Amino acid sequence: PSAMREVMVQAPNIGWDDIGGLDDAQMRLKEGVELPLKDPDAFRRIGIRPAKGFLLYGPPGTGKTLLAKAVAREAQANFIATKSSDLLSKWYGESEQQIARLFARARQVAPTVIFIDELDSLVPARGNGMGEPQVTERVVNTILAEMDGLEELQSVVVIGATNRPTLVDPALLRPGRFDELIYVPVPDKEGRRRILKIHTGKMPLADDVDLDSLAERTERFTGADLEDLVRRAGLFALRESLKVEKIDQGHFEKALLETRASVTPE
Ligand code: ATP
Numbered sequence: 462p463s464a465m466r467e468v469m470v471q472a473p474n475i476g477w478d479d480i481g482g483l484d485d486a487q488m489r490l491k492e493g494v495e496l497p498l499k500d501p502d503a504f505r506r507i508g509i510r511p512a513k514g515f516l517l518y519g520p521p522g523t524g525k526t527l528l529a530k531a532v533a534r535e536a537q538a539n540f541i542a543t544k545s546s547d548l549l550s551k552w553y554g555e556s557e558q559q560i561a562r563l564f565a566r567a568r569q570v571a572p573t574v575i576f577i578d579e580l581d582s583l584v585p586a587r588g589n590g591m592g593e594p595q596v597t598e599r600v601v602n603t604i605l606a607e608m609d610g611l612e613e614l615q616s617v618v619v620i621g622a623t624n625r626p627t628l629v630d631p632a633l634l635r636p637g638r639f640d641e642l643i644y645v646p647v648p649d650k651e652g653r654r655r656i657l658k659i660h661t662g663k664m665p666l667a668d669d670v671d672l673d674s675l676a677e678r679t680e681r682f683t684g685a686d687l688e689d690l691v692r693r694a695g696l697f698a699l700r701e702s703l704k705v706e707k708i709d710q711g712h713f714e715k716a717l718l719e720t721r722a723s724v725t726p727e
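Each residue of the sequence shown is one higher than the one before, starting from 462 at the first, in the UniProt record's numbering.
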């Protein structure tokens, strides 16, 4: 009953244009990931060391996965996504093997961006429901050894993501590991307007649809919440008639009544 998983290599189809309201994070990823992958010689010439690991942190549904995919695509790199829970196996040695396969495959198809979601669930001290603190510790150590073994500029970059940065094992955050921390915030009003614009991009909108006003009234909504709002507006329109041609403000108002921000003020 092995839990070994196929390592899936993707060529992501998300671009910067598909992401709203995360200009700072975008800029830092461009500099930190895209530049060194695209032009390693420039870094060599200047004699500076690009980071191997980045940690994206922020509430769920704010676009961390999107950012990792977009930077991979813009850098013309392959993309391998995994999450910590996929790397934890109770079978002795299997986690280590899975991680070794992950990095081996990444090197093979380099340039590659490896994305590891749920980095906080690798917390040996607290345990994590997987029962065995030794397993998480071995997983952390194996990931660290793989990252230490990555030659600088060998075109494999690791991007981790977490909703709970304070729980991430400090060993993962030391220099040469996930040493670039990038905050991925809940969008502000302008960010929300841009995200609404992106997600309504393929919709036939009636003239009365007021994205500004919707952005104004969706404080604390994440990108994922806004996507949900747009989808519900579409469903309301369809519910009225399958022949509906335009989504109007009324549909959005109804959707707004039943969509809530997933992030609380705390
Ligand atoms: P989690 O922490 O749950 O893994 P995440 O931060 O990785 O969440 P994503 O998976 O990137 O979130 O986002 C989920 C969906 O929400 C995306 O597929 C996208 O449709 C929408 N979304 C989230 N943030 C944005 C954004 N900034 N711009 C456009 N769409 C967004």
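Each residue gets a CB set at the ideal place from its N, CA and C atoms; glycine is no exception.
No experiment lies behind these values; they were computed from the predicted model shown.
Three-state secondary structure assigned by DSSP to residue i
i                 : result
threonine 661     : coil
glycine 621       : strand
glycine 652       : helix
phenylalanine 639 : strand
valine 596        : helix
glycine 588       : Residue confidence is low: glycine 588 scores 46 on pLDDT, short of 50, so the model does not pin down where it sits. Its coordinate-derived value is still stated next. Looking at glycine 588 - three-state DSSP - the assignment turns out to be coil, as it is neither helix nor strand.
lysine 544        : strand
isoleucine 560    : helix
asparagine 474    : coil
Nearest neighbour of residue i, chosen from the options [CA to CA]
i              : options                           : result
aspartate 609  : Arg635, Thr597 and Thr623         : Arg635
leucine 580    : Gly695, Lys715, Ala632 and Arg510 : Ala632
glutamate 535  : Leu496, His660, Glu688 and Ala716 : Leu496
histidine 712  : Leu696, Lys704, Leu703 and Val724 : Leu696
glycine 481    : Ala716, Ala676 and Thr597         : Ala676
glutamate 612  : Ala567, Leu628 and Leu583         : Ala567
isoleucine 620 : Lys658, Asp578, Leu628 and Thr661 : Asp578
Own chain residues within Cβ distance below 6 Å of residue i, not counting five before or after
i          : result
lysine 525 : Leu517, Ala622 and Val645
Check: residue i C-beta below 8 Å from any heavy atom of ligand 1
i              : result
glutamate 651  : no
proline 636    : no
isoleucine 541 : no
glutamate 688  : yes
proline 473    : no
histidine 660  : yes
threonine 526  : yes
aspartate 479  : yes
valine 645     : yes
isoleucine 577 : no
C-beta neighbour in chain B for residue i, strict 9 Å
i            : result
arginine 566 : No chain B appears in the structure shown, which is made up of a single protein chain.
Contacts around residue i, its chain only, beta-carbon distance under 8 Å, and the 5 residues preceding and following it disregarded
i           : result
proline 726 : Arg681
glycine 476 : Ala531, Arg534 and Glu535
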